[in-house]
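As you go down the protein sequences, you meet chains F and X in turn. Residue 3 in my numbering sits at position 3 of the first sequence; the count goes up by one each step and never skips. Offset between the second sequence (1-based) and my numbering: plus 113. By construction, the Cβ of each residue, glycine as well, lies at the ideal position given by its N, Cα and C atoms.
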Amino acid sequence: DAGVTQSPTHLIKTRGQHVTLRCSPISGHKSVSWYQQVLGQGPQFIFQYYEKEERGRGNFPDRFSARQFPNYSSELNVNALLLGDSALYLCASSLGGFRETQYFGPGTRLLVL
Amino acid sequence: RKEVEQDPGPFNVPEGATVAFNCTYSNSASQSFFWYRQDCRKEPKLLMSVYSSGNEDGRFTAQLNRASQYISLLIRDSKLSDSATYLCVVTLYNNNDMRFGAGTRLTVKP
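Pasting the structure below:
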């Protein structure tokens with residue numbers, strides 16, 4: 001069975017640009033969440049979606065937005081990129097939210113120059 | 114004060130040793146508790162959930178003390194393959210927010 005997939009695997013952008021990251025959950029999973037992980041730190045929660053609705057939002061600026069599609073895949077968008085947005089962006093899926101085991105994808109490594 | 118605090122380590126132990134990690138959380142409304150494991154340059158993976166009664170999975174034992182807002186993980190008979198970063202995780206707000214600690218790095222040496 002396929003696990004959580006994310007694309008692209010790596011990305012280089014310049015300040016001020018925008019980026020779209022994509023995530024496909026495990027088949028049957030209806031919840032997707034996004035995290036930012038800076039080197040040497042644990043993942044920081046950005047968004048959680050369940051059944052295409054936003055269920056939770058972390059302490060991130062409005063430059064960060066996301067959505068979940070009818071097939072439960074998800075996109076994370078970041079506008080007006082800053083150097084500090086350079087990080088590993090992780091997506092996780094689960095059957096029904098944070099009570100359940102979160103299955104993480106391999107992440108997208110974003111470098112902002 | 115961080116919501117979830119862990120000793121960053123690193124912990125360097127010989128094979129066969131017993132090692133314990135501690136984690137404290139600041140929000141008394143935290144609802145669910147987990148330990149995740151993250152290998153170098155890989156994604157986190159669930160190691161075990163943590164229950165108030167304590168729970169054990171083979172060589173791993175997790176404990177939760179809600180009164181002290183404290184979570185622990187004990188690894189017995191360490192193996193080389195246990196080398197990883199161990200992340201303490203709590204959920205908040207009706208399980209709609211998930212907070213990770215910075216992780217504790219473990220290296221098991223032959």
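The three-state secondary structure of residue 120(X), taken from DSSP, is coil. Judged by pairs of C-beta atoms under 8 Å, the stretch 193-210 of chain X touches the stretch 92-103 of chain F, as three or more such pairs exist.
In the DSSP assignment, residue 10(F) is bridged to 109(F). Residues of chain F whose Cβ lies closer than 8 Å to the Cβ of residue 118(X) do not exist, since the nearest Cβ in that chain is about 11 Å away. Put simply, of 77(F), 93(F), 106(F) the residue whose alpha carbon is nearest the alpha carbon of residue 17(F) is 77(F). Non-local C-beta neighbours of residue 187(X) in its own chain, meaning closer than 6 Å and more than five positions away in sequence, comprise 133, 174, ordered along the chain.
Residue nearest to residue 44(F) within the set 53(F), 113(F), 91(F), 3(F) is 91(F) (criterion: CA-CA distance). Among the CB atoms of chain X, none fall inside 7 Å of the CB of residue 9(F). Residue 117(X) is not a Cβ neighbour of residue 221(X), given a cutoff of 7 Å. Taking CB atoms only, residue 3(F) has no neighbour in chain X less than 7 Å away. In this structure, the alpha-carbon of residue 147(X) lies about 17 Å from that of residue 180(X). Your pair residue 82(F) and residue 12(F) does not check out as a contact, with CB atoms roughly 14 Å apart and the cut at 8 Å.
The beta-carbon separation of residue 79(F) and residue 67(F), rounded to 14 Å, does not stay under the 8 Å limit for a contact. A residue is called buried when at least 16 other Cβ atoms come within 10 angstroms of its Cβ; residue 193(X) does not meet this threshold and is exposed.
Not a single C-beta of chain X is nearer than 7 Å to the C-beta of residue 108(F). Chain-ordered, the chain X residues with CB closer than 8 Å to the CB of residue 55(F) read 209.
DSSP assignment within the stretch 18-91 of chain F yields the following whole beta strand (DSSP E) runs of 3 residues or more, N-terminal first: 19-24, 31-37, 44-50, 53-57, 64-68, 74-78.
The closest CA to that of residue 218(X), considering only 210(X), 152(X), 158(X), is found on 152(X). Taken in chain order, the complete beta strand (DSSP E) segments of 3 residues or longer contained in the stretch 119-160 of chain X are 124-127, 132-138, 146-151. Secondary structure note for residue 203(X): its beta strand (DSSP E) is the uninterrupted segment 197-205. Its Cα nearest to that of residue 109(F), the residue 35(F) stands out among 30(F), 35(F), 31(F), 25(F). Taking a C-beta distance under 7 Å as the contact criterion, residue 20(F) and residue 113(F) do not qualify as a contact pair.
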